[in-house]
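Chemist: Be aware that the sequence shown starts at 82, since it is given in this note's numbering, and climbs by one per residue.
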Amino acid sequence: MCGIIGYVGKKNNALDVIIEGLLRLEYRGYDSAGIAYVKDGLLNIEKEKGKIANLKEKLDFNDKSNLGIGHTRWATHGEPNYVNSHPHKVGKISIVHNGIIENYSELKEELIEKGYEFKSSTDTEVACALLDYIYSETNSIEQTIAIFREKARGAYALGIIVDDDYNHLYAVKKDSPLIIACGDNENYIASDVPAILKYTNKYIVLNDGEFAKISADKILVYDENADLRKVEVKEFKGDSNAVEKNGYDHFMLKEIYEQPEVIKATTLPYIEKGVDSLVDNMPDFSKYKKIDIVACGSAYHAGLVGKTLIEEFANVPVTVDIASEYRYKKLFLDEETLVIVVSQSGETADTLAALKIAKEHGSDTLGIINVVESSIARAAHQVLYTKAGAEIAVATTKAYSSQIALLSLIALNIANNKTMKQEEVLEVLKGIRALPTQMQSVLNEREHYKEIAEKIYDHDSIFFIGRDIDYALSMEGSLKLKEISYINSQAYAAGELKHGTISLIEEGTPVIALVTEEKIAEKTISNIKEVKARGAKVILVASENINISGDFYDELILVPDANKLIKPMLTVIPLQMLSYEIAKLRGCDIDKPKNLAKSVTVE
Ligand code: F6R
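1. What number of angstroms, rounded off, separates the C-alpha of residue 174 from the C-alpha of residue 125?
2. Are residue 134 and residue 118 close, meaning C-beta to C-beta below 8 Å?
3. Would you tell me roughly how many angstroms separate the C-alpha atoms of residue 461 and residue 445, rounded to the nearest one?
4. Per DSSP, what kind of secondary structure is residue 132 in: helix, strand or coil?
5. With distances taken between CB atoms, is the gap from residue 674 to residue 565 smaller than 8 Å?
6. Could you tell me if the beta carbon of residue 611 falls within a distance shorter than 7 Å of some heavy atom in the ligand MG?
7. Given the structure, does residue 682 come close to the ligand F6R, in the sense that its CB is under 7 Å from one of the ligand's heavy atoms?
8. Measuring straight from C-alpha to C-alpha, what distance separates residue 533 and residue 380?
9. Going by Cα to Cα distance, which pick from 378, 294, 549 is closest to residue 389?
10. So what's residue 259 in DSSP terms, helix, strand or just coil?
11. Of the choices 235, 254, 200, 203, whose alpha-carbon is the least far from that of residue 226?
12. Out of curiosity, what's the CA-to-CA distance linking residue 655 and residue 352?
13. Span of the beta strand (DSSP E) holding residue 622?
14. When you compare the segment 645 to 654 with the segment 479 to 496, are there three or more beta-carbon pairs, one atom per stretch, that lie closer than 8 Å?
15. Within the segment 317 to 404, note down every full beta strand (DSSP E) run reaching 3 residues or more, in order along the chain.
16. Taking 7 Å as the cut-off, is the C-beta of residue 377 nearer than that to any heavy atom in the ligand F6R?
17. When the Cβ atoms of the segment 402 to 421 are set against those of the segment 505 to 521, are three or more pairs found closer than 8 Å?
18. Can you find the residues in the same chain that come closer than 8 Å, C-beta to C-beta, to residue 301, ignoring five residues on each side of it along the sequence?
19. Does residue 491 come out as helix, strand or coil in the three-state DSSP assignment?
20. What I want to know is whether the C-beta of residue 434 ends up closer than 7 Å to one or more non-hydrogen atoms of the ligand F6R.
21. State the Cα-Cα distance for the pair residue 92 and residue 299, rounded to the nearest angstrom.
22. Quick one: what's got a C-beta closer than 8 Å to residue 414's C-beta in the same chain, skipping five residues either side?
23. Where does residue 608 sit, in a helix, a strand or coil, going by DSSP?
24. Out of curiosity, what's the CA-to-CA distance linking residue 218 and residue 142?
25. Going straight from the alpha carbon of residue 101 to that of residue 276, what length do you get?
26. What's the gap between the Cα of residue 127 and the Cα of residue 116?
27. What residues match up with residue 591 in a beta bridge as DSSP calls it?
28. Could you have a look at residue 478 and say whether DSSP puts it in helix, strand or coil?
29. Leaving out the 5 sequence neighbours to the left and right, which residues in its chain are closer than 7 Å to residue 110 when beta-carbon positions are compared?
30. With a floor of 3 residues, list each beta strand (DSSP E) that falls wholly inside the segment 157 to 203, ordered by position along the chain.
31. Secondary structure at residue 307, three-state DSSP: helix, strand or coil?
32. Is the CB-CB distance between residue 269 and residue 88 below 8 Å?
33. Excluding the 5 residues preceding and the 5 following residue 615 in the sequence, name in chain order all residues of the same chain whose CB lies nearer than 7 Å to its CB.
34. Could you tell me the distance, in whole angstroms, from the CA atom of residue 554 to the CA atom of residue 642?
35. Taking 7 Å as the cut-off, is the C-beta of residue 425 nearer than that to any heavy atom in the ligand F6R?
36. Among residues of its own chain, excluding the 5 on either side of residue 613, which ones have a beta-carbon nearer than 6 Å to its beta-carbon?
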């Protein structure tokens, strides 16, 4: 989703910092980019549809500038074109915006009556005009922002430049991410910290409803009541290397290969001292009779895997909901329900909204979050962090597997001494210690995945099937494939195909079939035989311990055997790798698939 960056400083470095920052925000997904910067006392605005490279061509990097704002836009209101791109300027106010102003239509009508004319289809131009109108009445930017917050409904992070004051950058935030970064004689605003890591790792979190007045050497933050508040400068401990490809062709491939390390880092605090660390370093789940897991996309798929594991091993009922649907269903929430929200970015608007609903109903909330200090991490009662590091590719891989790792540990924690004996728990912990090595062995089969990809990459439709936990994994495999390769793909519970979908199977249709559980293998294999008999090209992903004799598949990928609490993190790797290799053969923009955004900050 949209990325924001802003600079105010004595090094007159605005263009370099803003373009570098925008490039680092590219991963969020965008379809146009723009910049506003002050040069020789005048504000220049340049914007361009498409890649940042197009915008760069229009800029003269010799221009010295002490103040600027930049933006990557992921179109919501109006197509991606020049007029709709940010920054927008109306009267004396220029802004970049991430979020959606929900009441923009009524505000627009009011402003038209006051004589404003609009060129774009965006809610942002309306926000800009509203700020300009209030400023023309109050002549004070502080008052303007305070009144704006009362009038504008929705989510926004804004970077603001006022024509009367080219020594300050202003920022305001509500329900969309924005941080202030602190440099030496220069300060910045950004959608996230990695955007600015080349210059500083010191930052201040802006809370919802707050605004900031920032000069080269001073940062003033005003709270919701417009009172000046004390700021706490934090230090980002993440690795700035994470935003480099380090020799890999794509971030996605690099991140797939990082999984053994990520799983090690994520699980370590809960396994290093055996059962003690599993118990001591996790919340006490004993009071909960029921768990709701709420998330979007791949995080939702991780939740489905978590449900299978928690129900089977810990004997606690779990429901899993897509966050954008959560508010419409009848919720059975009480003090004995734990609501777990799962999110890599910690900024997904629907997940954040679901979390707020759960809190309103009086339930305890637990976030499984990757980005430290993100909005969801701050809003949840408790947080368990995945240690995936910065994930840059839009398609999640390492964050997804680390979410499963934590859900699996939660299952184990609840099961300990209840449904599982300590010896059994210890056995699983031993398995988790061995997991990174097993994952590496699955990763080492890249040539095999490439060979299979070559045989199926030119098909228009690919199916994934599996039962139980393999069905949940199939859903993730299918999502991964369609989002980066643009192949139409569907995941089906293996037993469900003959209730309609099997009519889509034709001679040569690729079906990726997952069989990792011994007790249901026979049934899934019968379903595979049904598609094979109708001409499907079957790629079988099976666990080593499964008896797979017979000629019901065309290609075979074996994954090492492991406890069911561990195996999903192995099984998903071939699915990620196949998607990657297929997308590569199809020449797709793997790290930045069309129309998608990394951090979905609108509902
Ligand atoms: C798919 C993908 C998305 C995200 C979803 C939730 O590869 O990355 O489906 O899983 O948008 O995002 P987070 O986890 O940031 O809440």
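Idealized CB from N, CA, C, for every residue including glycine.
Modeler: Looking at the coordinates:
1. Start at 1 with the first residue of the sequence shown, and residue 174 comes out as number 93. Start at 1 with the first residue of the sequence shown, and residue 125 comes out as number 44. Cα to Cα, residue 174 sits roughly 13 Å from residue 125.
2. Against the sequence shown, residue 134 aligns to sequence position 53. Against the sequence shown, residue 118 aligns to sequence position 37. Taking 8 Å as the Cβ cut-off, residue 134 and residue 118 do not qualify as a contacting pair.
3. Here the question's residue 461 lines up with position 380 in the sequence shown. Here the question's residue 445 lines up with position 364 in the sequence shown. Spanning the two alpha carbons is a distance of roughly 8 Å.
4. As a first step, residue 132 is located in the sequence shown; it is residue number 51 there, counting from the start. Note: residue 132 maps to coil in three-state DSSP.
5. The residue labelled residue 674 in the question sits at position 593 within the sequence shown. The residue labelled residue 565 in the question sits at position 484 within the sequence shown. Cβ atoms of residue 674 and residue 565: closer than 8 Å.
6. With respect to the ligand MG, the structure offers nothing, as its ligand set consists of the ligand F6R.
7. Walking along the sequence shown from the start, residue 682 turns up at place 601. No, since every heavy atom of the ligand F6R falls outside the 7 Å radius drawn around the Cβ of residue 682.
8. Walking along the sequence shown from the start, residue 533 turns up at place 452. Walking along the sequence shown from the start, residue 380 turns up at place 299. Approximately 27 Å between the Cα atoms of the pair.
9. Numbered from its first residue, the sequence shown carries residue 389 at position 308. It is 549 whose Cα lies nearest to the Cα of residue 389.
10. To locate residue 259, count along the sequence shown from 1; it is residue 178. Reduced to three states, the DSSP call for residue 259 is coil.
11. The residue you call residue 226 lines up with position 145 of the sequence shown. With distances taken between Cα atoms, residue 226 lies closest to 254.
12. Here residue 655 corresponds to residue number 574 of the sequence shown, with the count starting at 1. Here residue 352 corresponds to residue number 271 of the sequence shown, with the count starting at 1. Going from the Cα of residue 655 to the Cα of residue 352 covers about 26 Å.
13. Along the sequence shown, read from residue 1 onward, the residue named residue 622 stands at position 541. Residue 622 -> beta strand (DSSP E) spans 618 to 624.
14. yes
15. 371 to 376, 399 to 403
16. Start at 1 with the first residue of the sequence shown, and residue 377 comes out as number 296. At least one heavy atom of the ligand F6R is nearer than 7 Å to the Cβ of residue 377, so yes.
17. no
18. Locating residue 301 in the sequence shown gives position 220, counting from the first residue. The answer, listed in chain order, is 293, 294, 295, 309.
19. Working through the sequence shown from its first residue, we reach residue 491 at position 410. Helix at residue 491.
20. Numbered from its first residue, the sequence shown carries residue 434 at position 353. No - the ligand F6R has no heavy atom lying nearer than 7 Å to the Cβ of residue 434.
21. In the sequence shown, counting from the first residue as 1, residue 92 sits at position 11. In the sequence shown, counting from the first residue as 1, residue 299 sits at position 218. Going from the Cα of residue 92 to the Cα of residue 299 covers about 15 Å.
22. Along the sequence shown, read from residue 1 onward, the residue named residue 414 stands at position 333. Same-chain partners within the cutoff: 373, 420, 439, 442, 443, 444.
23. Stepping through the sequence shown from its first residue, residue 608 is reached at position 527. DSSP places residue 608 in helix when its eight states are reduced to three.
24. In the sequence shown, counting from the first residue as 1, residue 218 sits at position 137. In the sequence shown, counting from the first residue as 1, residue 142 sits at position 61. So the alpha carbons of these two residues sit roughly 37 Å apart.
25. Start at 1 with the first residue of the sequence shown, and residue 101 comes out as number 20. Start at 1 with the first residue of the sequence shown, and residue 276 comes out as number 195. Distance between the alpha carbons of residue 101 and residue 276 is about 8 Å.
26. Working through the sequence shown from its first residue, we reach residue 127 at position 46. Working through the sequence shown from its first residue, we reach residue 116 at position 35. Each residue's Cα considered, the two are about 5 Å apart.
27. Your numbering for residue 591 matches position 510 in the sequence shown. In the DSSP output, where bridge partners are listed per residue, residue 591 has 618.
28. One-based indexing of the sequence shown puts residue 478 at position 397. Three-state result, residue 478: coil.
29. Stepping through the sequence shown from its first residue, residue 110 is reached at position 29. For residue 110, where only same-chain residues beyond five positions count, the Cβ hits under 7 Å are 82, 155, 475, 673, 677, 678, 679.
30. 169 to 171, 174 to 182
31. Position 226 of the sequence shown, counted from the start, is the residue given in the question as residue 307. Coil, per DSSP.
32. Here residue 269 is taken as the residue at index 188 of the sequence shown, counted from 1. Here residue 88 is taken as the residue at index 7 of the sequence shown, counted from 1. Yes.
33. To locate residue 615, count along the sequence shown from 1; it is residue 534. The residues are 583, 586.
34. The count along the sequence shown starts at 1 and reaches residue 554 at position 473. The count along the sequence shown starts at 1 and reaches residue 642 at position 561. In a straight line, the C-alpha of residue 554 is about 16 Å away from that of residue 642.
35. Along the sequence shown, read from residue 1 onward, the residue named residue 425 stands at position 344. Yes; taking the cut-off as 7 Å, the Cβ of residue 425 has a heavy atom of the ligand F6R nearer than that.
36. Counting from 1 along the sequence shown, the entry for residue 613 is found at position 532. Excluding residues within five positions, the ones whose Cβ falls inside 6 Å are 619, 633.
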